[in-house]
Ligand code: GDP
């Protein structure tokens, strides 16, 4: 896949922190699995020997087989999840497409996302979609077809459609990032259901706002709700459509600092999810449409700026790349902590508990062995003694007999000579 190998971020991506941690914890759980199986095999072999292992200890170790399998399943499926929110037409789908470097999600007028759309890497290199509650893989060849397929479905606004896209087409998908697009926050959402179904396992939230307007109450309310359910959610705010600001170039700095201040105030003072310094790394002014267009040009081998782009494109493009870098660092670290910390602890506990049981068994086995050897020694000593006694006795007897024989001989020869 030329696309991935040509990407300079390939090996330096902060997402690798998660990818490597995932590989490592999966390997460790593979070893724990072997260890538990070995322990169970030993226990089965000594079954019924109550002197060696108690029933409760055997049950404890055997129970870990299922538990370890369960954890391994979860670990294999673990990914980093980012969810995008914002009002309709602020550019959520465009931001996702720009990040994925391809027109995957339908965007624009008439393609309002009316349910949750989740883009994730497909294992077999194919592209297909799956709707909630069905195992059927519907083939997707193009955006147009995807848009059509989504229109055909009668979906509720909280429902989820999963779009599987070839991993090798995009670094984010290859590195286990799952991106979720939401219906516009202005379509009177059932916020509680949205949060329960789609937000609790998200590592990062991206609020896409329109740089031409100000933060809306519905957008704020939604995140107020999210932050009551999750402690310190990671939130990025993207002021999209920043390209449109060039028409008011004399006010551009003023508008930018006003938006920045309001957004920072929202994150720091209202939601209390980050410090003022951190907020500086969470608020960006971008143009998703431009980035997508530029990246599509680049893939055709043309310079990024070869499309008809507004003034200041390069700066906005850099700012988008800066956002991607900060986003990758944030999601990778956050996901490692939330997804693996607990499991590492759990793995350690399982290993320690199995070791404790096995150590007790070993100590009992040693004690038994010692007892047997002692018994053996006792018998051995006794035998030895008897043998020695016997030998002594025999020796004595021999002496006596020899003495008697000699005596008899003497007496006989004497009698004969007489
Ligand atoms: P969504 O409803 O939030 O997913 O918004 P879309 O991504 O579908 O975008 C709505 C419309 O805005 C589309 O026609 C996009 O092409 C356009 N759009 C998105 N981002 C930008 C941008 O940065 N600048 C401009 N000028 N238009 C944009």
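Numbering (the working numbering), first residue to last: 4 to 421. Don't be surprised by glycine CBs; every beta carbon is placed ideally from N, CA and C.
Under a 10 Å Cβ-count criterion, residue 290 is classified as buried, with 16 or more other Cβ atoms of the shown protein chains found around its own Cβ.
DSSP places residue 125 within a strand segment (E or B) once states are collapsed to three. In this structure, residue 131 places its C-beta atom within 8 Å of the C-beta atom of residue 141. Bridge pairing for residue 165: 121 and 133 [DSSP]. In the structure shown, residue 378 falls within a helical segment according to DSSP collapsed to helix, strand and coil.
Contact annotation: residue 164 and residue 202 have beta-carbon atoms that are not nearer than 8 Å.
Rounded to whole angstroms, the separation of the alpha carbons of residue 292 and residue 334 is 23 Å. Assigned with DSSP and collapsed to three states, residue 175 falls in helix. Non-local beta-carbon contacts of residue 178 in its own chain, meaning distances under 6 Å to residues more than five positions away in sequence, involve 18 and 22 in chain order.
Cβ contact annotation for residue 168 (same chain, cutoff 7 Å, sequence separation greater than five): 107, 122, 124, 125, 130 and 176, in chain order.
Beta-bridge annotation (DSSP): residue 86 is paired with 183 and 208.
Fully contained in the segment 218–264 are the following beta strand (DSSP E) runs of length 3 or more, in chain order: 237–243.
In this structure, DSSP gives residue 93 a state outside helix and strand, which the three-state scheme calls coil. Following the DSSP letters along the chain, one finds residue 288 inside the beta strand (DSSP E) bounded by residues 286–288. For residue 259, the distance from the CB to the nearest heavy atom of the ligand GDP is not below 7 Å.
Boundaries of the alpha helix (DSSP H) harbouring residue 333: 316–338, taken from the DSSP string.
Between the C-alpha atoms of residue 36 and residue 218 there is a straight-line separation of about 50 Å. Excluding five sequence positions before and after residue 28, the CB atoms of its chain that fall closer than 8 Å to its own CB belong to 78, 343, 346, 347 and 350, given in chain order.
Counted as a single uninterrupted DSSP element, the alpha helix (DSSP H) harbouring residue 291 occupies residues 291–302.
Cβ-Cβ separation between residue 16 and residue 174: approximately 6 Å, consistent with a contact (criterion under 8 Å). In the pairwise beta carbon analysis, the segment 252–269 is classified as touching the segment 278–286: at least three pairs are separated by under 8 Å. With a cut-off of 8 Å on Cβ pairs, the segment 194–211 is in contact with the segment 88–99, counting three or more such pairs. Looking at the DSSP output, residue 372 shares a beta bridge with no other residue. DSSP places residue 54 in no alpha helix (DSSP H); its state is neither H nor E.
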